[in-house]
Amino acid sequence: MGLLERLEQAKLVKAAQDKDVQPENIEYYDEYEEFKDKIHMELVKRANTPLGEDEKPTDIRTVISQLVEAGGEDIPRSTKQKLVQQIYDEAQGLGPLEKLLRDDTISEVMVNGPYNVYVERRGRLELTDIKLKDDRYVLELIGKIAGPLGRRCDESSPMLDARLPDGSRVNAIIPPLSLKGPSITIRKFSKIPLRADNLIDFGSASFQMLQFLEACVKARANVIVCGGTGSGKTTLLNILSAYIPDDERIVTIEDSAELQLSQRHTLTLESRPSNAEGKGEITIRDLVRNALRMRPDRIIVGECRSGETLDMLQAMNTGHDGSMTTAHANSSRDVISRLETMVLMAGMDLPIRAIREQIASAFDIIVNQSRMKDGSRKIVEISEVLGMESDVVTLQTLYRFVPEGFDTSGKALGHYEATGIRPRVIGKMEDRGIHPMDSWFA
Numbered sequence: 001m002g003l004l005e006r007l008e009q010a011k012l013v014k015a016a017q018d019k020d021v022q023p024e025n026i027e028y029y030d031e032y033e034e035f036k037d038k039i040h041m042e043l044v045k046r047a048n049t050p051l052g053e054d055e056k057p058t059d060i061r062t063v064i065s066q067l068v069e070a071g072g073e074d075i076p077r078s079t080k081q082k083l084v085q086q087i088y089d090e091a092q093g094l095g096p097l098e099k100l101l102r103d104d105t106i107s108e109v110m111v112n113g114p115y116n117v118y119v120e121r122r123g124r125l126e127l128t129d130i131k132l133k134d135d136r137y138v139l140e141l142i143g144k145i146a147g148p149l150g151r152r153c154d155e156s157s158p159m160l161d162a163r164l165p166d167g168s169r170v171n172a173i174i175p176p177l178s179l180k181g182p183s184i185t186i187r188k189f190s191k192i193p194l195r196a197d198n199l200i201d202f203g204s205a206s207f208q209m210l211q212f213l214e215a216c217v218k219a220r221a222n223v224i225v226c227g228g229t230g231s232g233k234t235t236l237l238n239i240l241s242a243y244i245p246d247d248e249r250i251v252t253i254e255d256s257a258e259l260q261l262s263q264r265h266t267l268t269l270e271s272r273p274s275n276a277e278g279k280g281e282i283t284i285r286d287l288v289r290n291a292l293r294m295r296p297d298r299i300i301v302g303e304c305r306s307g308e309t310l311d312m313l314q315a316m317n318t319g320h321d322g323s324m325t326t327a328h329a330n331s332s333r334d335v336i337s338r339l340e341t342m343v344l345m346a347g348m349d350l351p352i353r354a355i356r357e358q359i360a361s362a363f364d365i366i367v368n369q370s371r372m373k374d375g376s377r378k379i380v381e382i383s384e385v386l387g388m389e390s391d392v393v394t395l396q397t398l399y400r401f402v403p404e405g406f407d408t409s410g411k412a413l414g415h416y417e418a419t420g421i422r423p424r425v426i427g428k429m430e431d432r433g434i435h436p437m438d439s440w441f442a
C-alpha cells in the first residue's frame, strides 16, 4: 500500500473516531489558487532559465510583485499585497505556517493533519483558522524541512527530528504511525533569550531564589533542572548558564541546539541521527564521552534521557564541577528515580546502591520546574542533595512555591517561601569567596 493510500485509510480511521470533525466536511477554498499556481510555475520556469551576460539576479519578492501586478489587473491592491506575501511564503518557507512563525507571541505550532492547526500562545493552546490544502500538502511541507538537511520522512523513515534555519525545533510523524494524517510540531526558537529579571516579572521565581542559584553556579555546584514537558527546563538552564564566568571553557551538548550562551569560550555540540541507511548516528552519550577529551571546565547537557546519564555522573564526580543538565521528572524525589533508570539504560550491571551513591555525590542542587494550569511556568521547589542515608538519597527543601488557588481570570496564585535551612553548599560558595546573605534563606 502506498503512502497516499495509507493517508486515505488514516482519514477513514479519524472519521470513525471523531464524527463531529471529519476532513471531508471541511472545505479548503482559495479563490486565487489557480492564479497563484500560475505564478509558481513562472517562478520555477525563471529559476531554470540561465541569466544572460548582462542580466543580474532579481530579488524573488520583487519578481513575485511584478508577476502579481502584471497578471492581476482586477485584483484589489490590498489583496495583491497579501498574495505577494502568500506566494513568497510558499516559495521560500512553509506557506501559511510562516505567518505563525513570525508571530512573537506564539511559542509552538502544532499541525494535526491539514485541517487542525494549533498554537501555544502565552502558555495556552489555541485552534487557529488556518486550513491547509490536504494531506499531500502537509507531506510537502515536511519534505521542505527535511530536504535541505539531507534527510527524509517517508514510509521507511516515518519520523523526523530536525531544526529550521532559525533554530526552531521540528518533529514530524506521518502514517502509518500517525493515524490521523501527517503531523508537524514546531517549537519556536526564541530570538531574544530570557534573563533572570524576566522570571521575576513573570512570577516564575523570587529574587532570593535567583540570587541563591546564581551563587550556586558561580561556586561550581552541580545542578539538575527537572520538570515536565514544556515546563521551561531549557529556558531556566539557559538563564543559569549565563552566570558562568566568561573565562571558563564550556562545552554544551544537545540533540537540537537551543542554548544561547554568551560566553566567548563556548563549544556547541549537537547529536546526529542515523542516515537513510541506518548509519552515521552520533548520540548524546558519544558527545559526552568526547567532551571529556576537550578539556572542558564545565559540561552542560541539554537533557539527559538515556545512558549518557552515567557518563554525566562520572564527569561530575571526576573534576568537572559546575556542570548542569535537565531531566524529565515531576518532583525532586522523582528525578532521583529517573536518574537511576537512565543509568541502567547504559547497559552497565551496577548495583542500585552504587548508582545512588554516584547520584548523591554528583549533584548538589535540584531545581523543579512546573507548568501551571494557567500555562505559566514556575520554579516550584529547590532542593539540596545531602548524600546517602541507609540506601536512600537524602534531600532537603530550601525553597518552595506555595499555591493559593486561582483568581477570577484563571491565573495561578501563590507565593514563594524559603524553608529557613542554611544549605551545605554554602561551604562551596565560601571556598570561592562568595558570601551568602542571611536574607536568602529567611
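1 is the number of the first residue of the sequence shown in full-length UniProt numbering; add one for each residue after it.
In this text, a Cβ means the ideal position worked out from N, Cα and C, and glycines have one as well.
Is His40 helix, strand or coil when you go by DSSP?
Looking at His40 - three-state DSSP - the assignment turns out to be helix.
Option nearest Gln369 by Cα separation, candidates Phe406, Leu127, Asn330, Leu210
Here the closest residue by C-alpha is Asn330.
How many Å lie between Ile336 and Phe363 at the Cα?
10 Å
List the DSSP bridge partners of residue 445.
Outside the displayed range of the chain (1 to 442) lies residue 445, so it cannot be described from this structure.
Thr394 versus Met388: straight-line alpha-carbon distance, rounded:
6 Å
Got a sec, what are the start and stop residues for the beta strand (DSSP E) Asp391 sits in?
No beta strand (DSSP E) contains Asp391, which DSSP labels as neither H nor E.
Would you mind working out which of Glu98, Pro148, Val251, Ile284 sits nearest Thr309, comparing C-alpha positions?
Nearest to Thr309 by alpha-carbon distance, out of Glu98, Pro148, Val251, Ile284, is Ile284.
Would you give the residue range spanned by the alpha helix (DSSP H) that residue 446 belongs to?
Missing from the structure shown is residue 446; the chain here goes from 1 to 442 and no further.
I need the DSSP call for His435, collapsed to helix, strand or coil.
The three-state secondary structure of His435, taken from DSSP, is coil.
Span of the beta strand (DSSP E) around Arg298:
Looking at the DSSP string, the run of the beta strand (DSSP E) that includes Arg298 is 298-301.
Given a cut-off of 8 Å on the beta-carbon distance, is the pair Leu149 and Ala162 in contact?
Contact check for Leu149 against Ala162 passes: the beta carbons are separated by less than 8 Å.
Own chain, CB closer than 6 Å to Lys233, minus 5 neighbours either side, in chain order
Setting aside the 5 residues that flank it on each side, Lys233 is surrounded in the same chain by Val225, Gly227, Thr326, Gln369, each with a C-beta closer than 6 Å to its C-beta; the list follows chain order.
In the DSSP assignment, find the unbroken alpha helix (DSSP H) run with Glu357 in it and report its ends.
Unbroken alpha helix (DSSP H) run through Glu357: 352-362.
Of the residues Ile366, His320, Val251, Arg432, which one's Cα is nearest the Cα of Gly302?
Val251
Taking the CB atoms as reference points, tell me whether Ile253 and Leu287 lie closer together than 8 Å.
yes
Entirely enclosed beta strand (DSSP E) segments - the UniProt domain "AAA+ ATPase" (219-373), minimum 3 residues:
223-227, 250-254, 266-270, 298-301, 324-328, 365-371
Apply the 10 Å Cβ neighbour rule to Asp438 and answer buried if 16 or more other Cβ atoms are within range, or exposed otherwise.
Label assigned to Asp438: exposed.
Residue range of the unbroken alpha helix (DSSP H) whose run includes Thr185
Thr185 -> not in any alpha helix (DSSP H); beta strand (DSSP E) instead, spanning 183-187.
Smallest Cα separation from Ile359: which of Lys45, Glu384, Asn116, Phe202?
Glu384
Nearest-angstrom Cα distance between Ser271 and Ser256?
7 Å
DSSP beta-bridge partners for Phe401?
Tyr416
Would Leu153 and Ile186 qualify as a contact pair, given that the criterion is a beta-carbon distance under 8 Å?
Looking at the sequence provided, one finds Cys at residue 153 rather than Leu. No, these two residues do not count as a Cβ contact at 8 Å.
In terms of residue numbering, what span does the alpha helix (DSSP H) encompassing Ile64 cover?
60-71
Run through DSSP, which three-state label would Val111 get?
strand
Starting from the C-beta of Ala205, find all residues in its chain whose C-beta is less than 6 Å away, skip the five residues before and the five after it, and write them out in chain order.
Leu199, Ile379
Closest to Ile365 by CA distance: which of Asp431, Leu339, Met41, Leu398 is it?
Leu398
By the three-class DSSP mapping on this structure, what secondary structure does Val425 have?
coil
Considering only the alpha carbon of each residue, which of Ile300, Pro182, Thr105 lies closest to Asp134?
Check the Cα spacing between Asp134 and each of Ile300, Pro182, Thr105: the tightest is with Pro182.
By Cβ distance below 8 Å, which residues in the same chain neighbour Asn112 in space, the five residues on each side in sequence not counted?
Tyr118, Lys180, Gly181, Ser183
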